[in-house]
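Below you'll find the structure, written out as structure tokens, and then a few comments.
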Amino acid sequence: MREPLPIDDVLPEVRLRIRETSSLVLEAPAGAGKTTRVPPALLDLVAGEVVILEPRRLAARAAARRVAQELGERPGETAGYQVRFEDVTGPRTRLRFVTEGVLTRRLLVDPLLRGVSAVVLDEFHERHLQGDVALALSLQLLRGRRPDLKLIVMSATLDSAPVAAHLGCAIVRSEGRRFEVEIEHAGRADARRLADQVAAAVRKLTVPGTSGDVLVFLPGAAEIRQAGEAVAELATHRRLLVLPLHGDLPAEEQDRALAPASQRKVILATNVAETSVTVPGVTAVVDSGLARIAAHSPWSGLPSLQVAKISRASAAQRAGRAGRTAPGRALRLYTRADHDSRPEHLSPEVRRRDLSEMVLELRAAGHDPGRLPWLDAPAPAALEAAETLLRRLGAVDSSGVATELGRQCARFPLHPRLSRMALEAAARGAAREGVSAAAALGEQRGFRERHSAPPTASSDLIDLEAPERARAQIERILGPSRREPDRDAREEALRMAVLAGFPDRVARRRAPGSNEVLLASGGSATLSPRSAVRDAQLLVAVDVEERRGQGRQVRLASAIEAEWLLDLFPGELRESTEVVWDEARGRATVSSRLTYGALVLEESRRSPGEAERAAAEALLAEHLRADQLIDPESLRSLRARAELVATHCPEAGVRAMTDG
Numbered sequence: 009m010r011e012p013l014p015i016d017d018v019l020p021e022v023r024l025r026i027r028e029t030s031s032l033v034l035e036a037p038a039g040a041g042k043t044t045r046v047p048p049a050l051l052d053l054v055a056g057e058v059v060i061l062e063p064r065r066l067a068a069r070a071a072a073r074r075v076a077q078e079l080g081e082r083p084g085e086t087a088g089y090q091v092r093f094e095d096v097t098g099p100r101t102r103l104r105f106v107t108e109g110v111l112t113r114r115l116l117v118d119p120l121l122r123g124v125s126a127v128v129l130d131e132f133h134e135r136h137l138q139g140d141v142a143l144a145l146s147l148q149l150l151r152g153r154r155p156d157l158k159l160i161v162m163s164a165t166l167d168s169a170p171v172a173a174h175l176g177c178a179i180v181r182s183e184g185r186r187f188e189v190e191i192e193h194a195g196r197a198d199a200r201r202l203a204d205q206v207a208a209a210v211r212k213l214t215v216p217g218t219s220g221d222v223l224v225f226l227p228g229a230a231e232i233r234q235a236g237e238a239v240a241e242l243a244t245h246r247r248l249l250v251l252p253l254h255g256d257l258p259a260e261e262q263d264r265a266l267a268p269a270s271q272r273k274v275i276l277a278t279n280v281a282e283t284s285v286t287v288p289g290v291t292a293v294v295d296s297g298l299a300r301i302a303a304h305s306p307w308s309g310l311p312s313l314q315v316a317k318i319s320r321a322s323a324a325q326r327a328g329r330a331g332r333t334a335p336g337r338a339l340r341l342y343t344r345a346d347h348d349s350r351p352e353h354l355s356p357e358v359r360r361r362d363l364s365e366m367v368l369e370l371r372a373a374g375h376d377p378g379r380l381p382w383l384d385a386p387a388p389a390a391l392e393a394a395e396t397l398l399r400r401l402g403a404v405d406s407s408g409v410a411t412e413l414g415r416q417c418a419r420f421p422l423h424p425r426l427s428r429m430a431l432e433a434a435a436r437g438a439a440r441e442g443v444s445a446a447a448a449l450g451e452q453r454g455f456r457e458r459h460s461a462p463p464t465a466s467s468d469l470i471d472l473e474a475p476e477r478a479r480a481q482i483e484r485i486l487g488p489s490r491r492e493p494d495r496d497a498r499e500e501a502l503r504m505a506v507l508a509g510f511p512d513r514v515a516r517r518r519a520p521g522s523n524e525v526l527l528a529s530g531g532s533a534t535l536s537p538r539s540a541v542r543d544a545q546l547l548v549a550v551d552v553e554e555r556r557g558q559g560r561q562v563r564l565a566s567a568i569e570a571e572w573l574l575d576l577f578p579g580e581l582r583e584s585t586e587v588v589w590d591e592a593r594g595r596a597t598v599s600s601r602l603t604y605g606a607l608v609l610e611e612s613r614r615s616p617g618e619a620e621r622a623a624a625e626a627l628l629a630e631h632l633r634a635d636q637l638i639d640p641e642s643l644r645s646l647r648a649r650a651e652l653v654a655t656h657c658p659e660a661g662v663r664a665m666t667d668g
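Letter by letter, the sequence shown follows residues 9 to 668 of our numbering.
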């Protein structure tokens, strides 16, 4: 017999609404059971698949496993999951939990979503980019060629009225079960390491006489490791079982954190435990007030995750985890004033992320991103920036239509820069090197963790270690390709491929031996001492960090040759000839330049010829002053006499002399 959950009380209304109408908004607090109970409740109402979009891989796996368990089956039968680099589904699967663009990529091959009867968007309040894309595409289908499609938007904290108004549907609310949670803020800002603050909080919450597990919210895996080390001694003394919980853990370790245990547990988790999964037995929460959120820096070159303060809504969700089964306690490692100064909700990702991958996916599927029924439309400038990059990569043409190369790039679960790089490397006989670099950059692992300078090399991307699953999936999509037998030739092919993916990141060393580089996009940066690229005059600045008060630093670089620009991007090179004034020599001269963006690749000067004679004479006349043509002392005397006559004898018609 399955455990009763708060959401069970509203399932009859959910079924009634979805039977009578095409869409529904469901609002229920974390832990109510909406993720695992609502999708199975639709199975006898629709004939095809129910696709559930989850914001995180861990949540998709956990939900599919839980539903399969309640159905008395194994994952991959009726309930399965399909996430980036992993597919646990089968021919009988009707409940498909997906994430990370899987739904969007499915639309690339089947714009009508044949075989899919319902789309469920879970944890929509987090406003992930893929959730907004899925909502817009599903709504477009629903209003157009698939009026039979069912659409359910589920949320824990969202103000549901705008979404319901956008869909033109009803809201069903589940109150859930909530016990009182005592919330305590830090009295003042704490200068200690975050790990040490966590250790002190865990010590406070696990004194003898208390019970229940402790859930600690931290920004990422690195902070979780540090906190684990900080509480290790206390855990031994008090017999605490310290367990990590984040999306990169193997499934067995994730299951261990979520399963009941004989010892009291301290779970060190990212924000995946905020709403996406339920951790049973928790009666106390430690909230760092931080999370890694998707962001876009104009200098990063790729999407990134940045540590930032969470919103007040997220803080409430975290605290609420302590009151799911009994009265609880939450310690916030930040002050009340800090909490009150935070926004109620973070802005949607569609307003703060790089949109290149999303735009390419939509263009490849035949959609115009500017014409979709968005809940919150992307900023026009962000869409234009994405389109501009895609044109430079050759992924879309001048009218915005996806090219054959663009459609190939869209097949990969990668940023267009990386898929373009992988395809170029494969075409030049360096598929394995290109795939490894693309997978490593896409997963953002390893390459930023160097603590000492590596040996001098032509590229920081050579021999990057990539997650095996990521590399294997990219290789499967890429298919067989020829392999250049010579290692040096493969390294050169990889460097050309890097240029193909990052054409706007070309840089030139300011002077031989200098660590300062000039950027084709304008401005300058400093090459990191940890970069292996020490001698190249021309390079691609793959990863650039904007440091407050310190300027920009190139953390990853790859050397290139000037002739490669002509080979790959001949249309970006500009030749110009103009007559300029040579201040040092005091004469007109002809300057010929070859430029790439803001970079001068070649420059030569010569004396004006017959064709430039008129321009040179005009420039000469402009720079020669009157006092260079006559005796200066005589000129001053003449000016004084003219001014005297102009002042005292205006009838003479003499005007005062000026430089004009």
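Glycine included, each C-beta is placed from N, C-alpha and C at the ideal position.
Notebook entry, point to check: Whose C-beta lies closer than 6 Å to the C-beta of Ala87 among residues of the same chain, with five residues either side of it excluded?
Noted result: Ala72, Val75, Ala76 and Leu103
Checklist line | Whole runs of the alpha helix (DSSP H) within the region 192-253, excluding any shorter than 4 residues | finding: 202-213 and 229-246
Checklist line | Alpha-carbon to alpha-carbon, Ser466 and Pro488 | finding: 27 Å
Check: When you compare each of Ser319, Thr291 and Leu339 to Asp348 by their alpha carbons, which one comes out closest?
Finding: Ser319
Notebook entry, point to check: In chain order, what residues of the same chain lie with their CB nearer than 6 Å to the CB of Ser615, ignoring the 5 residues before and after it?
Noted result: none
Note to self: Classify Leu150: buried if its beta carbon has 16 or more other beta carbons within 10 angstroms, exposed otherwise.
What the structure shows: buried
Checklist line | Nearest to Thr597 (by Cα), restricted to the options Glu583, Arg613 and Ala303 | finding: Arg613
Note to self: By alpha-carbon positions, which one of Ala277, Thr244, Arg371 and Arg25 ends up nearest to Val117?
What the structure shows: Arg371
Margin query: I'd like the span of the beta strand (DSSP E) that includes Asp118, first residue to last.
Written below: It is not in any beta strand (DSSP E) - Asp118 carries neither H nor E in the DSSP assignment.
Check: At which residues does the beta strand (DSSP E) containing Gln558 begin and terminate?
Finding: Gln558 -> no beta strand (DSSP E), and no H or E assigned at all.
Notebook entry, point to check: What number of angstroms, rounded off, separates the C-alpha of Arg45 from the C-alpha of Arg428?
Noted result: 41 Å
Checklist line | Three or more C-beta pairs below 8 Å linking the region 348-363 and the region 131-144 | finding: yes
Next item on the list: Could you check how far apart the C-beta atoms of Ala505 and Val541 are, in whole angstroms? I think they sit under 8 Å.
Entry: So it is not a contact: roughly 16 Å between Cβ atoms.
Notebook entry, point to check: So who's on the other strand from Leu61, going by DSSP bridges?
Noted result: Val106 and Leu129
Next item on the list: Please confirm whether Met162 and Leu53 have their CB atoms less than 8 Å apart.
Entry: no
Note to self: Excluding the 5 residues flanking Glu365 on each side, which residues of the same chain have their C-beta closer than 7 Å to its C-beta?
What the structure shows: His423 and Pro424
Note to self: For Phe93 and His254, what's the separation of their Cα atoms in angstroms?
What the structure shows: 17 Å
Notebook entry, point to check: Can you tell me whether Gln90 is buried or exposed, with buried defined as 16 or more other CB within 10 angstroms of its CB?
Noted result: buried
Checklist line | Backbone CA spacing between Leu507 and Gly557 [nearest angstrom] | finding: 29 Å
Next item on the list: Count the other C-beta atoms from every protein chain shown that fall within 10 angstroms of the C-beta of Cys177, then say buried if there are 16 or more, exposed otherwise.
Entry: buried
Next item on the list: Report the option in Arg69, Ala439, Leu502 and Asn523 whose CA atom is closest to the CA atom of Glu483.
Entry: Ala439
Check: In terms of DSSP beta bridges, what is Arg181 paired with?
Finding: Glu35
Next item on the list: With distances taken Cα to Cα, identify the nearest neighbour of Arg65 among Gly109, Ser30 and Gly41.
Entry: Gly109
Next item on the list: Determine the burial state of Asp405: buried for a count of at least 16 other Cβ atoms within 10 Å of its Cβ, exposed for fewer.
Entry: exposed
Margin query: I'd like to confirm the pairing. Which residues does DSSP put opposite Met504 in its beta bridges?
Written below: The partner list for Met504 (beta bridge, DSSP) is empty, contrary to what the question assumes.
Next item on the list: Would you check if the region 239-256 and the region 185-193 touch, i.e. whether three or more CB-CB distances between them fall below 8 Å?
Entry: no
Notebook entry, point to check: Between the beta-carbon of Gly220 and the beta-carbon of Val290, is there less than 8 Å?
Noted result: yes
Next item on the list: Let me know the alpha helix (DSSP H) ranges lying completely inside the region 569-610, each 4 residues or longer, listed in chain order.
Entry: 570-576
Margin query: DSSP has Ala403 in a bridge; who is on the other side?
Written below: DSSP lists no partner for Ala403.
Check: What did DSSP end up calling Ser566 once you bin it into helix, strand or coil?
Finding: strand
Checklist line | Beta-carbon proximity check, Ala302 vs Arg361, cutoff 8 Å | finding: yes
Note to self: If you reduce the DSSP assignment to three classes, tell me which class Val141 lands in.
What the structure shows: helix
Margin query: Going by DSSP, what residue range makes up the beta strand (DSSP E) through Ala277?
Written below: Arg272 to Ala277
Notebook entry, point to check: Exposed or buried, Pro377, counting other C-beta atoms within 10 Å across all chains shown (16 or more means buried)?
Noted result: buried
Next item on the list: Name the two residues that bound the continuous beta strand (DSSP E) containing Val90.
Entry: It should be pointed out that residue 90 corresponds to Gln in this sequence rather than to Val. That run of the beta strand (DSSP E) goes Ala87 to Val91.
Item checked: Distance between Leu401 and Val367 (C-alpha atoms, nearest Å) -> 13 Å
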